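A.B. asks:
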Amino acid sequence: MASEIQFVPFPAPRAPRATEPAAAPPPPRPSRNFKRLQAELRGLAGKAIDDYAMIQDGDKVMVCLSGGKDSYTLLDLLLSLKRSAPVRFELVAVNLDQKQPGFPADVLPEYLSRLGVPFEVIEQDTYSVVKRLIPEGRTMCSLCSRLRRGRLYRYAHERGCTKIALGHHRDDILETLFLNLFHGGKLKAMPPKLLSDDGRHVVIRPLAYVPERLIARYAKARGFPLIPCTLCGSQPNLQRELVGRMLAGWEREHPGRIESIFAALRDVVPSQLADTTLFDFAGLDARRAQPAAADTDAGHDA
Numbered sequence: 070m071a072s073e074i075q076f077v078p079f080p081a082p083r084a085p086r087a088t089e090p091a092a093a094p095p096p097p098r099p100s101r102n103f104k105r106l107q108a109e110l111r112g113l114a115g116k117a118i119d120d121y122a123m124i125q126d127g128d129k130v131m132v133c134l135s136g137g138k139d140s141y142t143l144l145d146l147l148l149s150l151k152r153s154a155p156v157r158f159e160l161v162a163v164n165l166d167q168k169q170p171g172f173p174a175d176v177l178p179e180y181l182s183r184l185g186v187p188f189e190v191i192e193q194d195t196y197s198v199v200k201r202l203i204p205e206g207r208t209m210c211s212l213c214s215r216l217r218r219g220r221l222y223r224y225a226h227e228r229g230c231t232k233i234a235l236g237h238h239r240d241d242i243l244e245t246l247f248l249n250l251f252h253g254g255k256l257k258a259m260p261p262k263l264l265s266d267d268g269r270h271v272v273i274r275p276l277a278y279v280p281e282r283l284i285a286r287y288a289k290a291r292g293f294p295l296i297p298c299t300l301c302g303s304q305p306n307l308q309r310e311l312v313g314r315m316l317a318g319w320e321r322e323h324p325g326r327i328e329s330i331f332a333a334l335r336d337v338v339p340s341q342l343a344d345t346t347l348f349d350f351a352g353l354d355a356r357r358a359q360p361a362a363a364d365t366d367a368g369h370d371a
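Residue numbering for the sequence shown follows the numbering used here, beginning at 70 and increasing consecutively.
1. Take A174 and list the residues in its own chain whose beta-carbon comes closer than 8 Å to its own, dropping the five residues that flank it on each side.
2. Among A258, T231, R282, which residue has its Cα nearest to the Cα of G268?
3. Within 10 angstroms of the Cβ of R274, are there 16 or more other Cβ atoms? Answer buried if so, exposed if not.
4. Is the Cβ-Cβ distance between R309 and L248 less than 8 Å?
5. Starting from the C-beta of A355, find all residues in its chain whose C-beta is less than 6 Å away, skip the five residues before and the five after it, and write them out in chain order.
6. Classify G302 as helix, strand or coil using the three-state DSSP reduction.
7. Go ahead and label P305 buried or exposed: buried means 16 or more other beta carbons lie within 10 angstroms of its beta carbon, across all protein chains shown.
8. Apart from the five residues on each side of it in sequence, which residues of its chain come closer than 8 Å, Cβ to Cβ, to H226?
9. Quick one: give me the first and last residue of the beta strand (DSSP E) that F103 is part of.
10. Apply the 10 Å Cβ neighbour rule to E322 and answer buried if 16 or more other Cβ atoms are within range, or exposed otherwise.
11. Got a sec, what are the start and stop residues for the alpha helix (DSSP H) D241 sits in?
12. I'd like the ranges of any alpha helix (DSSP H) spanning at least 4 consecutive residues and lying wholly in the region 271-329.
13. Quick one: grab the DSSP three-state call for F348.
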């Protein structure tokens, strides 16, 4: 008679003792695609920093952190580049709490504490000022950005920060170009590096070469705790949004056009434009080459 097969259950795993904290699972290994994406972003940011001499030895860089994908990516890349940079510099993350209703005030402090980054949250109720001064339905971005910029500049001065790093990317720069072209009558964009109007602050944009689509992919892969803007981000039909859709349409129909337009910003030929403050058109006559004597005699003989 065939013997019966008995199934003996495995013993239950021993529960950890109260004095034995359970070991944390190892962090997932980054995928090959993520490593390539991170390397591309590091390369683009590093090139912009080098091309425009954005960061020098001994700089104290204030990284403006809003809670959006761009500023999270900016901070992440600067931390990564700092570890291998040929110069030594400090980073301090700063968030301006503008007292917008529903703003999750604990998200950024918790994230930055886990990251081990020096940070400070400064407070100024710009929300009430903007809502009071801007009529309903009008764009709030201009006043909001001016108020925010003034407070951040003041903080940078008080804390001895030598550079102010903002998270504007390549698409922001191109959108600004066309906004000024269409609505301001100026051939003007958003420079990768600038000196503030009062001459006291140097502002840098290390993401100047980075397309927004790469930032969106990176932020999703990193799982940043994003905080949406409830002030201007909820306004419909913003002109910047319309220009962004125009550029995206161009890129779909003509791949490479956006890159070509951005390349044009880095290869300006003033003599082929019409700005008399950039090129001495009046002096062209004096610079004209005089005909040689032999050419003059030949002309008379003819």
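Each residue gets a CB set at the ideal place from its N, CA and C atoms; glycine is no exception.
Here the structure is a predicted model, which means the values were calculated and not measured.
C.D. replies: Working from what's here:
1. Cβ within range, chain order: D166, V190.
2. The shortest Cα separation from G268 among A258, T231, R282 belongs to T231.
3. Result: buried.
4. Using a Cβ distance threshold of 8 Å, R309 and L248 count as a contacting pair.
5. So the list is empty, once near-sequence residues are dropped.
6. Residue placement at G302 is poorly supported in this model, since its pLDDT is 48, which falls under 50; the coordinates are not used for a value here.
7. Any reading at P305 needs caution, since the residue's pLDDT is 49, under 50, leaving its predicted position unreliable; the model's value is listed next. Classification of P305: exposed, given that the 10 Å Cβ count is below 16.
8. Within the same chain, H226 has close Cβ partners R269, H270.
9. Here F103 belongs to no beta strand (DSSP E); instead the alpha helix (DSSP H) covers 101-120.
10. Looking at its Cβ environment, which holds fewer than 16 other Cβ atoms inside 10 Å, E322 is exposed.
11. That run of the alpha helix (DSSP H) goes 239-248.
12. Those alpha helix (DSSP H) runs which fall completely within the region 271-329 and span 4+ residues are 281-291, 308-322.
13. Here F348 carries a coil assignment [DSSP, helix/strand/coil].
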